[in-house]
Amino acid sequence: MFQNLKEDKLFWVRLFAFLAFLIPMIVSPRIWFSERLFPLVSFFEGIPVPNYTVDIALMSVFIVSFLGFVFKPNWKLSIIVIGIYVFWVLLDQNRIQPFYFEIIFMVLAMTQFKNNPKRVRQCILLILVGTYFWSGMHKWNTLFFEKWAHGLSKRIPFVPEWMRLAFTYAVPFLEASFGAFLIFPKTRKIGIWSITLMHVIILSTFVLGGYGYIVFPMTFFNIFVLFYLFYKSSFSPKDLFVVNHPKSIALFLIAIIFPVFNLLGFYDHILAFSYFSGKPKYCKIHFSDPNDVKSLPEYIKYNVRQEADDYYIDLNEWSARTIGVIVYPEERVYLNIQKQIDSYLNKPNTYLEFY
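Just so we're on the same page, our numbering is the position in the sequence shown counted from 1, plus 20.
Structural data, given as structure tokens:
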């Protein structure tokens, strides 16, 4: 067995993928429970909602199957892993977090092409190129520039303003170029080191701010995969973009093509790798009548904030406190939660504020 693992160069990728998924599960387990203090936001009505016992069973089967997949990557185990995650997502869209769904895409690649390591590397590199390229490109928007420039003015006020602004406008192209550098053998090492430095800066910011620890495992996993699979690889653009298999074509579309539709407003921000771009809209639910707050259950009333005569719930604050992640930033999610809150009111008169 250990000899086979020694010859299996993707073993360590599978192991670190498992840990990158497992650690956030341990850090924020409440997101996987159906009986909780933050609403489930399902894709479809009528999906059966598990009780606590079933949730525990699903998580146990998921973890055992994923661990089994690490040592024996056959399709039966991966179908269980992917199938349970798809069910979880259908039941609650807030589980579509980047540090979860990117791992699932890689599991899919490692399963479908377990006897073709080169194609596995192709699919994984497509995901990583798409992640960093589009994460950069989606930052080209007015709100990002305003927030970034304001942040730099507070952190490094001693730097001349023109330099701060120049760097602000360069950020989208820098990050997008890091992703593009991964495509070519001659620039790949530059891209890998640039991405590593970028993540070190981001994680340092999180540590100083005391938040964001849940993204650490995925960050370390990405850096590990880049160095382990591609740092000394001569993988060429032809190897990357010749997609002549239906399953690799699907990943090519997801990682490279579909994010374009986010620019047109037809594709989810998170699925388009629009991370920290300022584009996702977050939401507060306001109560026009303060008396409506009295009709809410205590666990919802606890999250109501008051400013003068304004009563509201910040959904990100509520989500982070109860399930450990920010709410999935799409308007349909907010409308669904608003509908669930309105169900407790005799004459609903709430309204949404996006920020």
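Note that beta-carbon positions come from the ideal geometry of N, C-alpha and C, so glycine has one too.
{"Check": "Where does Arg325 fall in DSSP's three states?", "Outcome": "strand"}
{"Check": "Could you check the C-alpha separation between Leu128 and Ile102 for me, to the nearest Å?", "Outcome": "8 angstroms"}
{"Check": "Pull up the DSSP beta-bridge partners for Lys304, would you.", "Outcome": "Asp334, Glu373"}
{"Check": "Mind checking which residues open and close the alpha helix (DSSP H) that includes Ser98?", "Outcome": "95 to 111"}
{"Check": "Measure the alpha-carbon distance for Lys314 versus Ala340 and round it to whole angstroms.", "Outcome": "23 angstroms"}
{"Check": "Is it buried or exposed for Trp168, if we count other Cβ within 10 angstroms and need 16 for buried?", "Outcome": "buried"}
{"Check": "Let me check understanding here. Comparing Cα to Cα, which of Phe193, Phe255, Pro68, Gln360 lies closest to Tyr152?", "Outcome": "Phe193"}
{"Check": "Taking buried to mean at least 16 other C-beta atoms within 10 Å of its own C-beta, is Ile130 buried or exposed?", "Outcome": "With the sequence shown as reference, residue 130 is identified as Met, and Ile is not the correct amino acid for it. By the neighbour-count rule (16 or more Cβ atoms within 10 Å), Met130 is buried."}
{"Check": "On the three-state DSSP scale, how would you describe Glu55?", "Outcome": "coil"}
{"Check": "Let me know the secondary structure DSSP gives Asp6 once reduced to three states.", "Outcome": "The requested residue 6 does not occur in the structure, where the chain is confined to residues 21 to 375."}
{"Check": "Distance, Cα to Cα, His306 vs Tyr319?", "Outcome": "17 angstroms"}
{"Check": "Do Ser155 and Tyr331 count as a contact pair if the criterion is CB distance below 7 angstroms?", "Outcome": "no"}
{"Check": "For a test of the three-state rule: what should DSSP assign to Ser297, helix, strand or coil?", "Outcome": "coil"}
{"Check": "Going by C-alpha distance, which of Asp362, Leu355, Tyr364, Leu365 is nearest Glu373?", "Outcome": "Leu355"}
{"Check": "At a cut of 8 angstroms, does the region 254 to 272 reach the region 141 to 148 through at least three beta carbon pairs?", "Outcome": "yes"}
{"Check": "For the ligand ATP, I want to know if Leu316 counts as a neighbour, meaning its beta carbon is within less than 6 angstroms of at least one of the ligand's heavy atoms.", "Outcome": "With respect to the ligand ATP, the structure offers nothing, as it holds no ligand at all."}
{"Check": "Starting from the Cα of Ser80, find the closest Cα among Ile67, Tyr105, Pro59, Leu57 and give me that residue.", "Outcome": "Tyr105"}
{"Check": "So what's Gln23 in DSSP terms, helix, strand or just coil?", "Outcome": "The predicted position of Gln23 is uncertain, since its pLDDT is 45 and thus under 50; a value taken from the coordinates is nonetheless stated next. Looking at Gln23 - three-state DSSP - the assignment turns out to be helix."}
{"Check": "Skipping 5 residues on each side, what residues in its chain have a beta carbon closer than 6 angstroms to that of Phe226?", "Outcome": "Gly232"}
{"Check": "Quick one: residues in its chain with C-beta nearer than 6 angstroms to the C-beta of Asn366, no 5 flanking neighbours on either side, listed in chain order?", "Outcome": "none"}
{"Check": "Below 8 angstroms CB to CB, which residues in the same chain sit around Phe53 once its five sequence neighbours on both sides are set aside?", "Outcome": "Tyr72, Asp75"}
{"Check": "Does the distance from the C-beta atom of Ile333 to that of Val324 stay below 7 angstroms?", "Outcome": "yes"}
{"Check": "When you compare only the Cα positions, how much space is there between Asn369 and Cys303?", "Outcome": "16 angstroms"}
{"Check": "Would Lys159 and Ser256 qualify as a contact pair, given that the criterion is a beta-carbon distance under 7 angstroms?", "Outcome": "no"}
{"Check": "Residue ranges of each alpha helix (DSSP H) run of no fewer than 4 residues wholly in the region 208 to 266, ordered along the chain?", "Outcome": "236 to 245, 257 to 261"}
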